[in-house]
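According to UniProt numbering, the sequence shown is numbered sequentially starting from 1. What follows is a set of notes on a single structure, which appears directly below.
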Amino acid sequence: MKQLWLIVQREYLTKIRNRSFIVMTFVSPLAIIALSVLIGYLTSLNNDTKRTITILDNSGLFVETFKNTPSYHYNYITGKEIEPTRKEALSSGVYGLLYIPKTTDSLGQTIEFFSEDSPSPSLINGLTQALEQTIFYRELQKENISLDYIKKAKPKVDIQLQTYSGERTSKISSLIKYIFGAAAGYLLMMFIIIYGNMIMRSVIEEKTNRIIEIIISSVKPFRLMLGKIFGTTLVGITQVLMWLIIGGILMTILTSIFGVSPSSPVQVPNLETETTRMVSEILLEFFKFPIIKLIVAFFLYFIGGFLLYSSLYAAIGAAVDNETDTQQFIFPVLLPLMLAIYVGFFTSMEDPHGAVSVIFSYIPFTSPITMPMRVPYGVSWGEMLLSIAILYATFFLTIWFASKIYRIGILMYGKKPSYKDLYKWLKSNY
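Next comes the structure, spelled out in structure tokens:
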């Protein structure tokens, strides 16, 4: 046990003193925030570009349909032929030309849009909606139905969301659940891959430098592998804890700035702008979330998922002589993670309590990703604890198989291993 503790201590202290750990812990969050701000700034610059759209309306029915926007200026003309107008638009650098023919038969099927490049979907959708609304109103006017009457009769429905237990929720709640679930699943996948590769490279380095031969003369290979796994797991836990502390500080600052208190989540202060009101609503919904369950789930699945996959990464590192030879073994390890993240995004977050989501939440190689993505949508403690029990039980089984490969692989040199070799090592009684 003392040897195991010394290995854990060495792995932990070596990695947290590494410059890459400091960069990942403190610089990476700042880099992500800076990148988000940069993307928003570049998007705003792109939106500041005003483009001209020529409307050739030979039907004369859409004179008041198109209104100028910050992004588009509409130049309305009528009574011209399409070919000379198209050539003129091209030569003058007009972004697009919308041609509405004179015929009134099947008008919606004869409208054309010309441009040098493919227009943005948002532009085409906006033009389509404007045209459809005008044609719709025109057909109603044929039936002597007043437009004012239509506008008054058109209802505005605002559905109030409420659970069966009587708790009121808002529409922004679904967005927050999606963001939390997506962030949890993606971060867990990245942590498992990054720290798993860290263990694998450490084993390969020690094996290549022949340091491993000296180490196993005084330490059993199984204890050495466990020490590496546990030490790196503690590094990951340390990093997550530091991120949570930083996040808690930022959340405290935000709540004080916007005057939101978790003790009075129903009260929304009188805020000046729509932006601050939206931020306040987001913070209020955040306080309604089962934060404790989210944090517990994240840590338990991070530890369980990392222990499970790191044992496989350690076995792969012991089996090969260099990182190039790992490619054939890495893909089967990454496949369940990739499958889990896709199921999480496209199934679990759309139908969190569906059969596929529940099944993947119990499969130990996918549950570390899928289950945390479901937790924001409401998962019982019993369901979560059963999934965790299966995950940790699978780890003990996997570490036993991985240790058999590790014991033999760390002393094998000069030969590129195959799956057949790994199978022989698993059957060996060494």
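Virtual Cβ for every residue (Gly too), placed ideally from N, Cα, C.
Check: Can you tell me which of the three DSSP states Asn197 falls into?; Outcome: helix
Check: Taking the CB atoms as reference points, tell me whether Ser115 and Gly93 lie closer together than 7 Å.; Outcome: no
Check: By DSSP, does Ser122 sit in helix, in strand, or in coil?; Outcome: helix
Check: Can you check whether the C-beta of Leu234 is within less than 7 Å of a C-beta belonging to chain C?; Outcome: This model lacks chain C altogether; it includes just one protein chain.
Check: What's the gap between the Cα of Pro155 and the Cα of Gln133?; Outcome: 16 Å
Check: Is it buried or exposed, Asp57, if we count other Cβ atoms within 10 angstroms and call 16 or more buried?; Outcome: buried
Check: Given a cut-off of 7 Å on the beta-carbon distance, is the pair Gly196 and Ser310 in contact?; Outcome: yes
Check: Which residue comes first and which comes last in the alpha helix (DSSP H) that contains Ser115?; Outcome: Here Ser115 belongs to no alpha helix (DSSP H); instead the beta strand (DSSP E) covers 112-115.
Check: Output the boundary residues of the alpha helix (DSSP H) element that contains Thr52.; Outcome: Taken as a continuous stretch (DSSP letters only), Thr52 belongs to no alpha helix (DSSP H), being part of the beta strand (DSSP E) at 51-57.
Check: For the stretch 210-239, which segments carrying the alpha helix (DSSP H) assignment without a break, of at least 4 residues, lie completely within its bounds, in sequence order?; Outcome: 211-215
Check: In this structure, what does DSSP give as the bridge partners for His73?; Outcome: Thr52
Check: Taking 6 Å as the line, does the beta carbon of Val320 fall inside it for any heavy atom of the ligand GTP?; Outcome: What this structure holds is no ligand at all, so the ligand GTP is not there to describe.
Check: Measuring alpha carbon to alpha carbon, tell me which of Phe365, Thr370, Lys220 ends up nearest Arg407.; Outcome: Lys220
Check: With a 10 Å radius around its C-beta and 16 neighbouring C-beta atoms as the bar for buried, classify Leu13 as buried or exposed.; Outcome: exposed
Check: State the start and end residues of the unbroken beta strand (DSSP E) segment that holds Gly96.; Outcome: 96-100
Check: Given a cut-off of 7 Å on the beta-carbon distance, is the pair Thr232 and Ile199 in contact?; Outcome: yes
Check: In this structure, does DSSP put Glu350 in helix, strand or coil?; Outcome: coil
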